[in-house]
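4 protein chains.
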Amino acid sequence: WSGPAAVAGALERAMDELLRRAVPATPVYELREKTPAPAEGQCADFVSFYGGLAEAAERAELLGRLARGFGVDHGQVAEQSAGVLQLRHQPREAAVLLQAEDRLRYALVPRYRGLFHHISKLDGGVRFLVRLRADLLEAQALKLVEGPHVREMNGVLKGMLSEWFSSGFLNLERVTWHSPCEVLQKISESEAVHPVKSWMDMKQRVGPYRRCYFFSHCSTPGEPLVVLHLALTSEISSNIQAIVKEHPPSETEEKNKIAAAIFYSISLTQQGLQGVELGTFLIKRVVKELQKEFPHLGTFSSLSPIPGFTKWLLGVLNAQAKDHGRSELFAESESKEISEILGGPVNETLKALLSSNEWVQSERLVRALQAPLMRLCAWYLYGEKHRGYALNPVANFHLQNGAVMWRLNWMADASLRGISSSCGLMVNYRYYLEDTAINSTAYLGSKTIKASEQVLSLVAQFQKNSKL
Amino acid sequence: WSGPAAVAGALERAMDELLRRAVPATPVYELREKTPAPAEGQCADFVSFYGGLAEAAERAELLGRLARGFGVDHGQVAEQSAGVLQLRHQPREAAVLLQAEDRLRYALVPRYRGLFHHISKLDGGVRFLVRLRADLLEAQALKLVEGPHVREMNGVLKGMLSEWFSSGFLNLERVTWHSPCEVLQKISESEAVHPVKSWMDMKQRVGPYRRCYFFSHCSTPGEPLVVLHLALTSEISSNIQAIVKEHPPSETEEKNKIAAAIFYSISLTQQGLQGVELGTFLIKRVVKELQKEFPHLGTFSSLSPIPGFTKWLLGVLNAQAKDHGRSELFAESESKEISEILGGPVNETLKALLSSNEWVQSERLVRALQAPLMRLCAWYLYGEKHRGYALNPVANFHLQNGAVMWRLNWMADASLRGISSSCGLMVNYRYYLEDTAINSTAYLGSKTIKASEQVLSLVAQFQKNSKL
Amino acid sequence: WSGPAAVAGALERAMDELLRRAVPATPVYELREKTPAPAEGQCADFVSFYGGLAEAAERAELLGRLARGFGVDHGQVAEQSAGVLQLRHQPREAAVLLQAEDRLRYALVPRYRGLFHHISKLDGGVRFLVRLRADLLEAQALKLVEGPHVREMNGVLKGMLSEWFSSGFLNLERVTWHSPCEVLQKISESEAVHPVKSWMDMKQRVGPYRRCYFFSHCSTPGEPLVVLHLALTSEISSNIQAIVKEHPPSETEEKNKIAAAIFYSISLTQQGLQGVELGTFLIKRVVKELQKEFPHLGTFSSLSPIPGFTKWLLGVLNAQAKDHGRSELFAESESKEISEILGGPVNETLKALLSSNEWVQSERLVRALQAPLMRLCAWYLYGEKHRGYALNPVANFHLQNGAVMWRLNWMADASLRGISSSCGLMVNYRYYLEDTAINSTAYLGSKTIKASEQVLSLVAQFQKNSKL
Amino acid sequence: WSGPAAVAGALERAMDELLRRAVPATPVYELREKTPAPAEGQCADFVSFYGGLAEAAERAELLGRLARGFGVDHGQVAEQSAGVLQLRHQPREAAVLLQAEDRLRYALVPRYRGLFHHISKLDGGVRFLVRLRADLLEAQALKLVEGPHVREMNGVLKGMLSEWFSSGFLNLERVTWHSPCEVLQKISESEAVHPVKSWMDMKQRVGPYRRCYFFSHCSTPGEPLVVLHLALTSEISSNIQAIVKEHPPSETEEKNKIAAAIFYSISLTQQGLQGVELGTFLIKRVVKELQKEFPHLGTFSSLSPIPGFTKWLLGVLNAQAKDHGRSELFAESESKEISEILGGPVNETLKALLSSNEWVQSERLVRALQAPLMRLCAWYLYGEKHRGYALNPVANFHLQNGAVMWRLNWMADASLRGISSSCGLMVNYRYYLEDTAINSTAYLGSKTIKASEQVLSLVAQFQKNSKL
């Protein structure tokens, strides 16, 4: 009788067996340059075994075993550390100290790094490692695998990917209607921010007054890693449907109608490259490209979603309901007006309402909610923090890049998705090119958010009228 | 009064000033991911300052200062080492140990690595670093700069280049008469083994029954990094002029006349990539490419020069002349015959002769020297060692790749260059594809040289007839 | 007061004015090589004037005026004819006769040919002429313009286009999912035979076990002139839905499953190129291409629609109804069976039925109609003629190419379109490569149709059982 | 016994046999669209037979037979002419006349045109016809074949080539050092005006401050048909060595140093395309291209050789020597000065001198000859005519294009070739873009040469001081 446990045991034994065979041994320090590369098959075995694991949990199990079983030899590290320390006390010539440090450095390289290194040399090997890291991140998010060893392995992988996907090796490619269908299909499928509905929808997003760029790695041209969509407009857009739904003013671009570039979507297509800074570089490169094409173009801004705002708002409403039985988010007069329209207590009805998306049908309600939701959202973006940085990930991304939190826009995304996730609000992060370096440093270093008067004034209104 | 010393002092001050400004500071461990990249200009300064140094000695001076002044903070390393050691004695949970090790790892990264890392992201930055390493290697060879810090920096650079020029990012390109003139000119100029004389000479080397391949990095297509020339023949070639001088049998290749691929030249075009293993990979890739084009092709061999043989021989003759006043390299009968032809004592006349290249004019002499020079050369290749590996660098290269030392060829390179450097001898290193992995491991591990019967028999004759 | 007539008069005067200005004068014979080309603007005027005519009728009017007013100078032709005839009676040396003939030849060139010639040299000029001829053909079909002058001009244009679109200047291009979206959109829109429904539909038609090729002119690569779709199958297909609807057996092609190539759609995308023989050449080139890719592929056949069959059948039923009050198309037993099923007189109920497409819902009816409709269709294809050649245009096309009328397929196109136009019937024209030249000559010369036994036997059944 | 005559007879019989087989019969008028194309092999036979004829005389013989034996059917032409004439006298409706003319037109098409037409559809067929016409022109020049039939065939071929090589089908390609070596080798070999000496010579001609463009046919990209070299300078060049020998001012072009484009070489690479007007179109296209790259560039001129001037001068000297025993080309004072320098009678010594090229060594002589040779050359270019047009072919080419004869330059080509062919003189033909159309018409129509004041003044001096 062989039940699930026995099967699992068999699989685990197979994993251990595989790892023993596939992970190259670390040569002793003296022979590190005299050891031939492992046979191609050795590392390819790992790739095909891994590829054969259909379940995320199985892959997570294998990665966990790799991380825990084939990391650093702590004994070696301790021994070499002692060697270095001893030299500290008995000074010798520089060469001796430097070599001791180099031995220590060598000892600190986890053994699985050798496996990744050799896989990277296989055909399609780098691509495999990108997918492997995507699996690893997902497994961590789903708690399929945990612990410091796995975190360390993730860091090692990220470091390797950062070297390989360095900006010197990225090609900027522009997507047009002349691009291969394969590329357009990929771009279309990866567009998470404002989904593409049809062939013609896509044609418009690469047509006049629009640009779509992506980075590909020089070894895999035509394969998008990170994609940026933008619109060329006469002023900073405050509404997304005007960009992705309405037709452009004409079939041929008139340069004198173009004064602003509005980044309205940026998507990473390969989750395994999270943290590799592709988005930031892409925006910088595209700005340069646009300046070449339109020397007089001077205004650069995003039109960004605010994912999580509705959820945060519902959370706050909930909490307040529990604590006080009433909302302190609204001014007296606001509460009254809203109650009248809704015919019930603000908090409870509002909670139901925000979940249902139907409130946008009532013009009166839309008008009544504008002021309070604008200031609440301003606070959410500006005041809510995670380890001192902006809680909202899109805000954090643009602020890291040195953009200014520039303008909140009411009823900027009237799509079902826009209403559900952020009550229809969107925000512009504006890039003043001469200031982005300073802003970025200020944000990363002292966690200071640069915001426009509109935003700051909304925040002030929040502080005056709402309590959390 | 401002003399050379003052000028030199000024330059050195300028160097220190530049390095202080250009080399990015290392962020503290906690902020290592929250520190924005240095401004582009900061690293670009270094590139342009370096570019402005016209003298090799000046560049060497700058590199020396960089290596010595911006390496590892030994205090930090010692501190973190102590931290790791302490945990060894007071065991805590894994996370704590792993983090301590990671801090130590971070402390072991030399500060100049950050400079190189950021330069690599500039336009043309990687290319600059390749040239910088070429300068560094040359400066070390010329003793313009020395010491363990410089050796360490060279190792760090080599490691970075090895990641970037990993085989996954190399493109194999074939050169034909349709390739850009720029590429053909570069290939022609970089051909060190058998120099190209004219436009038509080059046309023949990329024409029928010949192949010329190179690796380029995917970010700079069309730029040869390492070049391989080969001839498609009916049997293993024993003479280089038949390849580079004589015309091929016909203008169109007949597949059934092709049974062997003879690698007759492999050259690294970028000295800064020494040690990055491009040559070995190139041979492997080209073999695969040829197998695709000619599925029945089964014989792969080099026809290689033996640089240094004449020099070694003259050294031996010299030494013996000093020690014994007579040669023990030749058998009695040989000495006698050579003396007769030359009309003088073997050693002395031979030394003069080998330096002058004229001996090839005498058929009798050529005949008389064949047996002794063949066995001496076999010994030179097979028996002379450097740290246990073959002294001759070409031999060492092919043996590392797993080739067999297969056949010595008499009068194989009758060019002036061939006579001067190796008495006209050449050697075939043969690649038995199924054995290269084993041979390579045996050579690298136990320093065993795999040789054919011809070679072994010549070595045996040497051991019987000659004394060193 | 300026009514429509006055406007029309104004437009006609503008046309005459334009033609006077734009059509280059014919130089006298002696200066024919010493006359500079007309200014670019002169012919460009015609192009832009023509482009500004929004109505088909207006364009037809202009073309009519051009054909009638700027043709051959009949007086000149007569004069030169007389010159030639005179030499016939008073023989002189050859040079004199040849020159007289050359003058006559020169006189026979219509003046508008000069206009077309110079337009062809403008940027986009040839493309303009292709569209102009498309207009001309459409205008003739709609009787917007008529007469011998227009027919002559059409012939002249066709002759010029035939020189320019000669097979030596056509490039065969294969469409895949890597082709530009623009190309795939064009192909998709021009597919008249079996319409493309969606992006994924198109992806399948260029995917595994399918091929899509087109000819482009070498001056406009990527612009399809004529498109051929084909399926790679194990045997000659008898059903179109199996090709355009069902999924292929697997994602990667297995060469050993491919024994036949089935051309299932060929469409001219530019109507102005009618009669230029592109389709015939395309099939020949594609066959060569396939033979290169699949050396063992031996079976080539079309799976073709039979446009017009239902219409012809309804016409025959109508005529018989008028003439005899009863159908002589069916055998006694057939009539009886059909009547029973339909519950009414064959002819009338059948006519209603065939117009409505609903009969395919009744299995019994489908079975009852198979035999009679098969033989009627065989007769329609084989026996119905126009000037001695097959009346059905698709049949005529393939027979001209030398194909054999090979197999009629019952319920081969169950789409609404297939049922309406040909009662669901389709036919295979098979290409026996070694015989196509002979078959083509026989068909074009003596109007003999080569047909298979199945087809001939159906025709014989028709002749036995049906009367027209 | 089979001597040369018998062999020749055999070859001729083989030719007749081939032509009978290979030249397609002309279908009767009614079947002209219903006749299938001849089998591919039929026309390919002609191509391979022709290719097998090694001797120019043999090829000429075959072409002569083709021209004489497969031209127009004069009987048919006469018959159809009569038909047309009859209608002239008995008017019928237009359709009848137009058809009669069309029959006549059809009868006037030589039968060999069908052969050429079908050859053009073969792979490489058009290229074959270009070579065939080159042979035909050469054979006519060498008098290997003569007569009106051959002239007619040449005209027919030229007409066909003109359609195929129409400017709409030509691609402009720029040559740089990145172009394929094959292209650069072809360009280098075809440069007849100022021969290319080495690889580096060629590199300079495609380097900074230089441009090299060619036309290729769209069906054979990368194959130069006609090549134009030009220099970008600050003013109109007066010396060719400054262009092809001296190094450009710097490695990177500074746009503000570029005020003029000097066409210094234009060569047809395919002699079979003589008379097809490629050169004229190429200059026009290149001017447009340059204007796009350098919007402020305003000066366009050639720096042209004057082939034939020395020969013409020697002829004149000879003739005068015969007629008068003395030269009337020089003014009294000039004759005296030259005689003094030479120490002998002007005419005779000058004749010897001009043949030997040594006179340029004497500064005094060079000074003495400048004035008389300048005015004689001006007359040669401006006053010497062939059928009313400039005798000098280069002058005729540029004048047809509408250029102005702008400046004669003394000692402009000091190469051996320059001295021999035109006493070192060169001339600028300047293109005033706004006037070229008018100038061209004036030259072609009324044979008027537009010249600058310098040229006209030299001509006046000639008329005053020299007699022919």
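Chains as they are written, first to last, in this note's numbering: chain Y, 1 to 468; chain A, 1001 to 1468; chain B, 2001 to 2468; chain E, 3001 to 3468.
The C-beta atom is built at its ideal place from N, Cα and C for all residues, glycine as well.
### Task
Return the residue from the list ALA57/Y, VAL84/Y and LYS292/Y that minimises the CA-CA distance to HIS1074/A.
Reading the second sequence from its first residue, position 74 is the one you call residue 1074/A. Checked all of ALA57/Y, VAL84/Y and LYS292/Y; the closest Cα to HIS1074/A is VAL84/Y.
### Beta-carbon gap between VAL2459/B and TYR2382/B smaller than 7 Å
The residue given as residue 2459/B occupies position 459 in the third sequence. The residue given as residue 2382/B occupies position 382 in the third sequence. In contact: VAL2459/B and TYR2382/B (Cβ atoms closer than 7 Å).
### Query
With contact counted as at least three CB pairs below 8 Å, one residue from each stretch, are the stretch 2386-2404 of chain B and the stretch 2440-2458 of chain B in contact?
yes
### Query
Hey, is LEU2184/B's beta-carbon within less than 7 Å of any beta-carbon in chain Y?
Here the question's residue 2184/B lines up with position 184 in the third sequence. Yes, LEU2184/B lies at the interface with chain Y (some Cβ there is under 7 Å from its Cβ).
### Query
In terms of DSSP beta bridges, what is ALA412/Y paired with?
Counted from its first residue, the first sequence places residue 412/Y at position 412. In DSSP, ALA412/Y forms no bridge with anything.
### Query
So is GLU152/Y in contact with chain A if we call contact Cβ pairs under 7 Å?
Here residue 152/Y refers to the residue found at position 152 of the first sequence. So yes, GLU152/Y belongs to the interface.
### Message
Please return the same chain residues whose Cβ sits closer than 7 Å to the Cβ of ARG3285/E, not counting the five positions on each side in sequence.
### Response
Along the fourth sequence, one-based indexing puts residue 3285/E at 285. Only LEU3172 meet the Cβ criterion.
### Query
Between the stretch 49-65 of chain Y and the stretch 135-147 of chain Y, do at least 3 Cβ pairs fall closer than 8 Å?
yes
### Message
Less than 7 Å between CB atoms is the rule here; does PRO2224/B satisfy it with respect to chain Y?
### Response
For the purposes of this step, residue 2224/B is taken as residue 224 along the third sequence, with counting starting at 1. No - not a single Cβ of chain Y is within 7 Å of the one on PRO2224/B.
### Message
With H, G and I counted as helix, E and B as strand and the rest as coil, what does DSSP make of PHE1070/A?
### Response
Taking the first residue of the second sequence as 1, we reach residue 1070/A at position 70. Coil.
### Task
For the stretch 3244-3258 of chain E and the stretch 2242-2253 of chain B, state whether three or more C-beta atom pairs, one from each stretch, are separated by less than 8 Å.
no
### Query
Which whole runs of the beta strand (DSSP E) in the stretch 2371-2443 of chain B are 3 residues long or more, in chain order?
2404-2409 and 2426-2431
### Task
Measure the CB-CB distance between VAL2047/B and ARG2113/B and report whether it falls below 7 Å.
Translated into positions along the third sequence, residue 2047/B becomes position 47. Translated into positions along the third sequence, residue 2113/B becomes position 113. In this structure, ARG2113/B does not lie closer than 7 Å to VAL2047/B by Cβ.
#### Entry: Contacts of THR1441/A in chain Y (Cβ-Cβ under 8 Å)
Indexing the second sequence from 1 puts residue 1441/A at position 441. Near THR1441/A (Cβ distances below 8 Å), the residues of chain Y are PRO36.
### Message
Contact criterion: CB-CB distance below 7 Å. Does PHE2169/B meet it with respect to chain E?
### Response
Position 169 of the third sequence, counting from 1, holds the residue named residue 2169/B. Answer yes: the Cβ-Cβ gap between PHE2169/B and chain E drops below 7 Å somewhere.
### Message
To test your reading of the DSSP string, which unbroken alpha helix (DSSP H) runs of 4 or more residues are found completely within the stretch 160-197 of chain Y?
### Response
181-190
### Query
Below 7 Å between beta carbons: does that hold for ARG111/Y and PHE49/Y?
Working through the first sequence from its first residue, we reach residue 111/Y at position 111. Working through the first sequence from its first residue, we reach residue 49/Y at position 49. Not closer than 7 Å, so no.
### Query
Measuring CA to CA, which of ARG2127/B, LEU2108/B, LEU2011/B and TYR2380/B is closest to HIS2217/B?
In the third sequence, the residue the question calls residue 2217/B occupies position 217. Checked all of ARG2127/B, LEU2108/B, LEU2011/B and TYR2380/B; the closest Cα to HIS2217/B is ARG2127/B.
### Task
Take the Cβ of SER1457/A as the centre, count every other Cβ of all protein chains shown within 10 Å, and call the residue buried at 16 or more, exposed below.
Position 457 of the second sequence, counted from the first residue, corresponds to residue 1457/A. By the neighbour-count rule (16 or more Cβ atoms within 10 Å), SER1457/A is not buried but exposed.
### Message
Taking the beta strand (DSSP E) that CYS212/Y belongs to, which residues open and close that run?
### Response
Within the first sequence, the letter at position 212 stands for residue 212/Y. Residues 210-217.
### Message
Tell me which residues share the same chain as ASN392/Y and place their Cβ nearer than 8 Å to its Cβ, disregarding the 5 neighbours each side in the sequence.
### Response
Taking the first sequence and counting its residues from 1, the one referred to as residue 392/Y is at position 392. Once the five neighbours on either side are set aside, the close Cβ partners of ASN392/Y are ILE306, PRO307, GLY308, PHE309, TYR380, LEU381 and GLU384.
### Task
Thinking TYR3213/E and LEU3232/E are a contact (beta carbons under 8 Å), I'd like their distance in whole angstroms, please.
Taking the first residue of the fourth sequence as 1, we reach residue 3213/E at position 213. Taking the first residue of the fourth sequence as 1, we reach residue 3232/E at position 232. Wrong, their Cβ atoms sit about 13 Å apart, outside the cutoff.
### Task
Out of SER3302/E, LEU3282/E and ALA3259/E, state which residue places its alpha-carbon closest to the alpha-carbon of HIS3296/E.
Residue numbering aside, residue 3296/E sits at position 296 when the fourth sequence is read from its first letter. If we check each option's Cα against that of HIS3296/E, ALA3259/E comes out closest.
### Contact set between ALA2437/B and chain E, taken where Cβ atoms lie within less than 8 Å
Numbered from 1 along the third sequence, position 437 holds the residue referred to as residue 2437/B. Those are PRO3036 and ALA3039, listed as they occur along chain E.
### Message
For chain E, check one thing: does any of its Cβ atoms lie closer than 7 Å to the Cβ of VAL2084/B?
### Response
Start at 1 with the first residue of the third sequence, and residue 2084/B comes out as number 84. Yes, contact with chain E.
### Task
Go through its chain and collect everything with a Cβ distance to ILE1236/A's Cβ below 6 Å, but skip five positions before and after it.
Within the second sequence, numbered from 1, the residue matching residue 1236/A stands at position 236. For ILE1236/A, where only same-chain residues beyond five positions count, the Cβ hits under 6 Å are ALA1260, SER1301 and ASN1428.
### Query
At what residue ranges does the stretch 11-76 of chain Y contain a whole run of the alpha helix (DSSP H), taking only runs of 4 or more?
40-51 and 56-69
### Query
Opposite HIS1229/A in the DSSP bridges: which residues?
Translated into the one-based positions of the second sequence, residue 1229/A becomes position 229. Note: HIS1229/A sits in a beta bridge opposite CYS1212/A and SER1265/A.
### Task
Run down chain Y in chain order and give the residues with a C-beta less than 7 Å from the C-beta of HIS1074/A.
Within the second sequence, the letter at position 74 stands for residue 1074/A. Going along chain Y in sequence order, the residues near HIS1074/A (Cβ under 7 Å) are LEU97.
### Query
I think ALA1368/A touches ILE1341/A, with their Cβ atoms under 8 Å apart; what is that distance to the nearest whole Å?
In the second sequence, counting from the first residue as 1, residue 1368/A sits at position 368. In the second sequence, counting from the first residue as 1, residue 1341/A sits at position 341. The Cβ separation is near 6 Å, so the contact holds.
### Query
Which ranges does the alpha helix (DSSP H) cover as unbroken runs of at least 4 residues, wholly within the stretch 2275-2318 of chain B, from first to last along the chain?
2278-2293
### Query
Nearest-angstrom Cα distance between LYS2450/B and GLU3033/E?
As a working note, residue 2450/B is residue 450 in the third sequence. As a working note, residue 3033/E is residue 33 in the fourth sequence. Rounded to whole angstroms, LYS2450/B to GLU3033/E spans 21 Å at the Cα level.
### Message
Please confirm whether HIS217/Y has its beta-carbon closer than 7 Å to some beta-carbon of chain B.
### Response
The residue labelled residue 217/Y in the question sits at position 217 within the first sequence. Chain B contact via Cβ: absent.
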